[in-house]
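In what follows, a structure is listed as structure tokens, so that the remarks can point back to it.
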Amino acid sequence: MNKLLYFPYISIPNSQWLIQTLLYWDEVASIVPFEYARRTNCLDSHMQLLIREELVKQIFPEQYIFRFNDFTYNFLKYVDTDPVIRSISDLGKRGLIGKNKLLIKTEKVHMAKLSDIGYELVERGLAKDKGRWFEIESYTAKSFMTYLAFLLGQETGFVPSTDTYNGFSNLLTHKENSRKATISNRVRDELRAQILNKILPVPRYIENFADILRFKHKNHDELERYRNFIESFIIDIDAVSDELKKERTNRFIEEAEDKIRYLKEQMSFFGGIKNFDFVTLCSLSSTIYPIISGIENRNTFELIGAVPGLLGAIYSTIRSNNIDELRREPLAYAALSGSRNTFFRRRAQGYEEF
């Protein structure tokens, strides 16, 4: 499991959530109408950049919806039996949904995602036909996008996730539609978000998103170990009680934070050297110098001048070994991504270093 599917919107907001998501997952995708593949100018400039830099993939719903048996029927069955949506439907039929109405909030959903569902929602007072878009009451729209995201996730191997509302809406806990695996995925997603917010430090902003791709390529093995470490913990505590789960999660986060601080300190100490500092170098030099002075005195000063080169070779070898050892730690990826030199911004442009 290394791919994430963002929903409910087409464009992924430029936020810390996005930076963290791009750093953690191998692939990130969004649900995009197929016509946008040709008309990329329909996407906002930030989303165009993410796609151009191959940081975000596009999942075209038209390529999958026809594969789902009873796609329209099953969602409408949920709509017609959910007490909240039925109440909203009654208000909609009385013209009380929309701007300056009793229920103000609506969402635009592209017709490519809906199949026949859009027209059925219009009949129920839950939506208005706006050409290539349907303006749908917010609760219903989010329920539909949750429904669609999980179906597409099952088909494509992507894990659905969102940053826009808590949980995945009441759709997932509705009696007739509930699935243990789906509920478990929701809990895991929320738990993962809680953990990553604490132990995957990211800047509020980065100037060049391509830096993320380069960083991931450079540290791919570290990312694999880090993600396996996190996901293993999430799976291990899946079956424990909520109270114990909270306690174990807090302890896991505290221990991970301590370990990350330690790794960052070690990595910054002579570039990752442990137990080999400047004093050691000086001590080694004082031992070597008398030996050199006893060598046949052809060019003593030249020999002495060569000593720092030898020490440099020793230093470099030990440094390399220690850095490799540190980078094999499961939490090394978080320590590397949290380095102040990993992502930075120019102060001259009103940015600050991270």
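Start counting the sequence shown at -9; every next residue gets the next number (our numbering). Cβ atoms here follow ideal geometry from the backbone N, Cα and C, with glycine treated the same way. Only a predicted model underlies this, so the values are computations on that prediction, with no experimental measurement involved.
Quick check: leucine 190 and leucine 13, are their CB atoms within less than 9 Å of each other? For leucine 190 and leucine 13, yes; Cβs fall inside 9 Å.
Alanine 324 burial status per 10 Å Cβ neighbour count (16 or more: buried): buried
Look up aspartate 119 in the DSSP assignment and say whether it is helix, strand or coil. strand
Cβ-Cβ distance between threonine 146 and isoleucine 78 below 9 Å: no
Between the alpha carbons of lysine 357 and lysine 98, how many angstroms are there, rounded? Because the chain is modelled from -9 through 344, residue 357 falls outside the range shown and cannot be assessed.
Can you grab the Cα-Cα spacing for the pair isoleucine 107 / alanine 200, in whole Å? So the alpha carbons of these two residues sit roughly 38 Å apart.
As a quick exercise: from Glu110, Phe148, Pro23, pick the residue whose alpha carbon is nearest that of asparagine 64. It is Glu110 whose Cα lies nearest to the Cα of asparagine 64.
Just reading off the beta strand (DSSP E) that glutamate 17 is part of, what are its end residues? 17 to 21
So what does DSSP say about isoleucine 2, is it helix, strand or coil? coil
Any idea if threonine 136 is buried or exposed, counting beta-carbon neighbours within 10 angstroms, 16 or more meaning buried? Around the beta carbon of threonine 136, a 10 Å sphere encloses 16 or more other beta carbons of the protein chains shown; the residue is thus reported as buried.
Around the Cβ of glutamate 212, are there at least 16 other Cβ atoms within 10 angstroms (buried) or fewer (exposed)? Counting C-beta atoms within 10 angstroms of its own C-beta, glutamate 212 has 16 or more neighbours from the protein chains shown and is therefore classed as buried.
Cα-Cα, which of Asp179, Lys91, Phe24 is closest to leucine -5? Asp179
Only counting the same chain, and skipping five residues up and downstream in sequence, which positions put a Cβ closer than 6 Å to that of leucine 40? Val46
For isoleucine 345, which residues in the same chain have their Cβ closer than 6 Å to its Cβ, ignoring the five residues on either side in sequence? Here the chain covers residues -9 to 344 and nothing more, so residue 345 does not appear.
Taking C-alpha atoms, which residue in Pro23, Leu86, Arg217 lies nearest to glutamine 53? Pro23
Our contact map puts isoleucine 126 next to threonine 154 with C-beta atoms below 8 Å; I'd like the distance itself, whole angstroms only. Not really, about 15 Å apart at Cβ, beyond 8 Å.
Output the boundary residues of the alpha helix (DSSP H) element that contains glutamine 256. 232 to 258
Quick one: what does DSSP say leucine 142 is sitting in, helix, strand or coil? The DSSP-derived three-state label of leucine 142 is helix.
Within 10 angstroms of its Cβ, does alanine 27 collect 16 or more other Cβ (buried), or is it exposed? With fewer than 16 other Cβ atoms within 10 Å, it is exposed.
Straight-line CA distance for isoleucine 9 to valine 192? Their Cα atoms are separated by approximately 7 Å.
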